[in-house]
Every structure is written in structure tokens, then in C-alpha cells.
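Okay, so here's the structure we're looking at.
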Amino acid sequence: MDDTNDTSFVVDEVSNVIKESIEATIGSQSYQQARINTWTSNIVEAILNSLTKLNKPFKYIVSCVIMQKNGAGLHTASSCFWDNTTDGSCTVRWENKSMYAIVSVFGLSI
Amino acid sequence: MSIDHFDITKTTDIIRKIIEEILNTNQYRLEHIDKWTRQIVDSCQRSLFEIQNSFKTIITAMIIPKTNENIHMSNACLWDFAVDGSTIIQWENDSMYCVVSAFALSLSITTQLTIT
Numbered sequence: 000m001d002d003t004n005d006t007s008f009v010v011d012e013v014s015n016v017i018k019e020s021i022e023a024t025i026g027s028q029s030y031q032q033a034r035i036n037t038w039t040s041n042i043v044e045a046i047l048n049s050l051t052k053l054n055k056p057f058k059y060i061v062s063c064v065i066m067q068k069n070g071a072g073l074h075t076a077s078s079c080f081w082d083n084t085t086d087g088s089c090t091v092r093w094e095n096k097s098m099y100a101i102v103s104v105f106g107l108s109i
Numbered sequence: 000m001s002i003d004h005f006d007i008t009k010t011t012d013i014i015r016k017i018i019e020e021i022l023n024t025n026q027y028r029l030e031h032i033d034k035w036t037r038q039i040v041d042s043c044q045r046s047l048f049e050i051q052n053s054f055k056t057i058i059t060a061m062i063i064p065k066t067n068e069n070i071h072m073s074n075a076c077l078w079d080f081a082v083d084g085s086t087i088i089q090w091e092n093d094s095m096y097c098v099v100s101a102f103a104l105s106l107s108i109t110t111q112l113t114i115t
């Protein structure tokens with residue numbers, strides 16, 4: 000009998016961690032050039048700290064992009080060479096009136 | 000038994016060449032953008048596998064048109080600093096920016112995970 004939740008990448012769980020970190024950092028803010036670096040750093044650090052507390056045997060990569068809403072587009076693609084049975088990723092797209100945030104988390108089992 | 004270390008210089012060179020080949024002097028074009036980002040990550044993945052296949056690798060590519068946009072990107076990793084590695088390449092021509100990030104995580108059993 001094994002509990003696969005203890006050692007697998009659970010997308011919903013990670014997605015919640017991401018959303019909470021974004022909301023807590025920039026939820027009520029408008030785009031501000033002077034604060035943007037702090038925000039992106041705070042978001043990735045908060046997410047990584049929360050993921051570490053899940054105590055799963057994973058290495059994590061967290062990536063955050065914040066973009067001002069000015070009308071231009073952003074195109075991204077990613078490719079992963081990993082173990083399909085154990086590894087996973089989660090990308091959350093978030094926006095408010097003045098900016099977009101795109102946060103990706105990749106979890107690779109050890 | 001020695002563990003392969005991530006070769007940042009070689010990886011950076013390979014990725015830069017791939018971006019050059021695919022984007023070159025092309026203008027930012029909505030109908031080609033998806034294809035280009037896909038081609039970049041797929042080529043990078045294949046090329047990196049040929050030089051160091053004892054790593055799990057994550058490649059992400061972003062293409063942004065040159066308008067007055069402000070874009071900021073941050074990455075953080077929980078990994079084994081001794082054997083894992085990453086590189087971020089920024090490239091531009093006169094109509095667009097391209098940012099490619101490559102992360103390589105060793106398949107060897109590691110000891111200490113640290114946040115970077």
C-alpha cells in the first residue's frame with residue numbers, strides 16, 4: 000500500500016501555492032517600475048519556500064515573468080527532458096488591471 | 000566515479016547559435032512566432048541531449064516584440080549547486096528580443112539541496 004501523493008508532483012497543490020504567492024505579493028498593486036524586481040524575486044522565493052515545506056523528494060525550478068499591460072504580446076514555449084512518470088510542471092497566468100504575471104514551476108524527482 | 004558537471008559555456012554557445020539560426024534578421028511576425036519559439040526549444044533540447052545526457056533539462060524560450068514594453072523575469076531553483084546548473088541567454092535583433100533559459104539537473108544521486 001503506498002500513498003503516491005507523498006512522492007508525486009501534484010499540479011493542483013502547486014497551482015494553489017503559486018496563486019497564493021502571486022496574490023500576496025502583487026494582488027492589490029499597480030505596475031510600478033521601481034518595485035518590479037522586488038516583486039518577481041519575492042514571488043519566486045515565496046513559492047520555493049512553500050514548495051520546500053511540502054517535503055517531497057523533488058528539485059524545483061520556479062520562473063516568474065511580469066509584464067506591463069501595454070498591448071504587445073508575449074510568446075513562450077518550454078521543453079522538458081525528464082521522467083514522465085514522476086516529474087511535472089504547472090504554469091499559472093494571472094492578471095490585474097495593469098500587469099500580467101506568468102509563473103511556471105517545474106518539479107523533477109530526485 | 001565522477002559526476003558530470005553542467006557545462007555552462009558550451010550550453011550557452013549552442014543555444015546562442017540556435018537562436019541566431021532560427022530568428023536571424025527576421026521581423027517579429029505573429030504568424031511565425033509560435034513556430035519559432037517551438038523550434039528554438041526543440042532544437043536546444045536535442046542539441047543539449049547530444050552533449051550531456053545525464054541531466055534532466057528544462058528549456059524555456061520567450062520572444063517579445065520591441066515596443067515600449069517592460070518585462071521582468073526572475074528564476075529560483077532548489078537543486079544541488081555542485082552538479083546542477085543553468086544559463087540564460089538574451090538575444091535581440093531590430094524587431095524583437097528573445098530570452099532562453101536552460102536548466103540542467105543531474106540524474107546522479109545528490110547530497111545537499113540548496114535554494115539558488
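Residue numbers (numbering that gives the first Met the number 0), protein chains in the order written: chain A, 0 to 109; chain B, 0 to 115. We put the beta carbon where it would ideally sit given N, CA and C, even for glycine.
Range of the contiguous beta strand (DSSP E) that encloses residue i
i: V9/A; result: Neither: V9/A is in no beta strand (DSSP E) and is coded neither H nor E.
i: I109/A; result: Taken as a continuous stretch (DSSP letters only), I109/A belongs to no beta strand (DSSP E), as it is neither H nor E.
i: A75/B; result: 70-78
C-beta neighbour in chain A for residue i, strict 8 Å
i: L22/B; result: no
i: S73/B; result: yes
i: M0/B; result: Low per-residue confidence applies at M0/B: pLDDT is 41, beneath 50, and the placement is therefore not dependable, though the value from the model is reported in the following sentence. No, M0/B does not count as interfacial toward chain A.
i: S100/B; result: yes
i: K9/B; result: no
i: D41/B; result: yes
i: T86/B; result: no
i: R15/B; result: no
i: D33/B; result: yes
i: N69/B; result: yes
Endpoints, the alpha helix (DSSP H) within which residue i is located
i: S46/B; result: 29-50
i: S49/A; result: 35-52
i: L22/B; result: 7-22
Beta-carbon contacts of residue i that lie in its chain and below 7 Å, excluding the five residues immediately before and after
i: I42/A; result: S20, I21, T24, C63, V102
i: M98/A; result: Y30, I65, M66, Q67, K68
i: I39/B; result: I17, I18, I21, A60, V99
i: W35/B; result: I21, L22, I62
i: Q44/B; result: T56, I58
i: V10/A; result: G87, C89
Cut-off 6 Å between Cβ atoms - residues of its own chain near residue i, not counting five sequence neighbours on either side
i: T59/B; result: S100
i: F105/A; result: I60, S88
i: Y27/B; result: P64, S94, M95
Those residues which DSSP pairs with residue i across a bridge
i: P64/B; result: M95/B
i: Y99/A; result: M66/A, E94/A
i: W81/A; result: Paired residue(s): none; W81/A is not in a bridge.
i: L104/B; result: K55/B
i: Y59/A; result: G106/A, L77/B
i: G84/B; result: A103/B
i: H4/B; result: Its beta-bridge partners do not exist; DSSP assigns none.
i: G72/A; result: Note: G72/A sits in no beta bridge, so no partner.
i: T113/B; result: W78/B
i: S88/A; result: F105/A
Residues near residue i in its chain [Cβ-Cβ closer than 8 Å; skip 5 each side]
i: A75/B; result: I114, T115
i: E94/A; result: K68, A100
i: I13/B; result: C43, S46, L47, I50
i: T86/B; result: I7, T10, T11, I14, S100, A101
CB contact check: residue i to chain B, cutoff 8 Å
i: C79/A; result: yes
i: F8/A; result: no
i: L73/A; result: yes
i: N69/A; result: yes
i: T85/A; result: no
i: A23/A; result: no
i: D2/A; result: Note on D2/A: pLDDT 48, under 50, position unreliable in the model; the coordinate value appears next. No, D2/A does not count as interfacial toward chain B.
i: I17/A; result: no
i: Q32/A; result: yes
i: C63/A; result: yes
So does the region 2-22 of chain B actually touch the region 43-50 of chain A, counting three or more Cβ pairs closer than 8 Å?
no
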